[in-house]
Amino acid sequence: MQIWINVIDNALKYSGEKVKLAIHLVQQSKGAEITISDNGIGIEESQQSYLFQQFYQADQSHNREGNGLGLAIVKRIVTLLEGKISLQSQVGKGTTVKLFLPNQSKNQ
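Oh and the sequence shown: position 74 is 74 in the UniProt record's numbering, straight run, nothing missing.
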């Protein structure tokens, strides 16, 4: 649940008043692929590789609420679940977060 709270909160926080949020889920034989896209401010390419590090905040200029832990927590949870996460973003166009979460065995 924390994955969705953090990713969607970021999408809403960094989008304007006319937020467009798209969530797509595709069930595959080995797991689920989830894509969350927004029409927010976007992130400079030079900053994207740091976004999953603790305490890193790409947008220092807008005084947004947060502590830079959201995506680091998401990355850690996804790693513990043996999944994958990636991010693509364009300034002025928005951000897309893609996750793949493998099926969990009944013993986990």
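Just so it is clear, CB atoms sit at the ideal spot from N, CA and C, and this is done for glycine as well.
Is residue i helix, strand or coil by DSSP?
i, result
"Q104", "coil"
"K75", "helix"
"S29", "coil"
"S37", "strand"
"L80", "helix"
"G16", "coil"
Considering only residues of the same chain and omitting the five flanking positions on each side of residue i, which have a CB-CB separation below 7 Å?
i, result
"L25", "A32 and I34"
"N103", "K30 and G31"
Report the rounded CA-to-CA distance for residue i versus residue j, giving the unit in angstroms.
i, j, result
"K93", "S49", "18 Å"
"A11", "L81", "23 Å"
"G40", "L87", "14 Å"
"D9", "S46", "22 Å"
Between which two residues does the alpha helix (DSSP H) containing residue i stretch?
i, result
"Q2", "Q2 to K13"
For residue i, which residues in the same chain have their Cβ closer than 6 Å to its Cβ, ignoring the five residues on either side in sequence?
i, result
"I23", "I36"
"K98", "T35 and S86"
At which residues does the beta strand (DSSP E) containing residue i begin and terminate?
i, result
"K84", "K84 to Q90"
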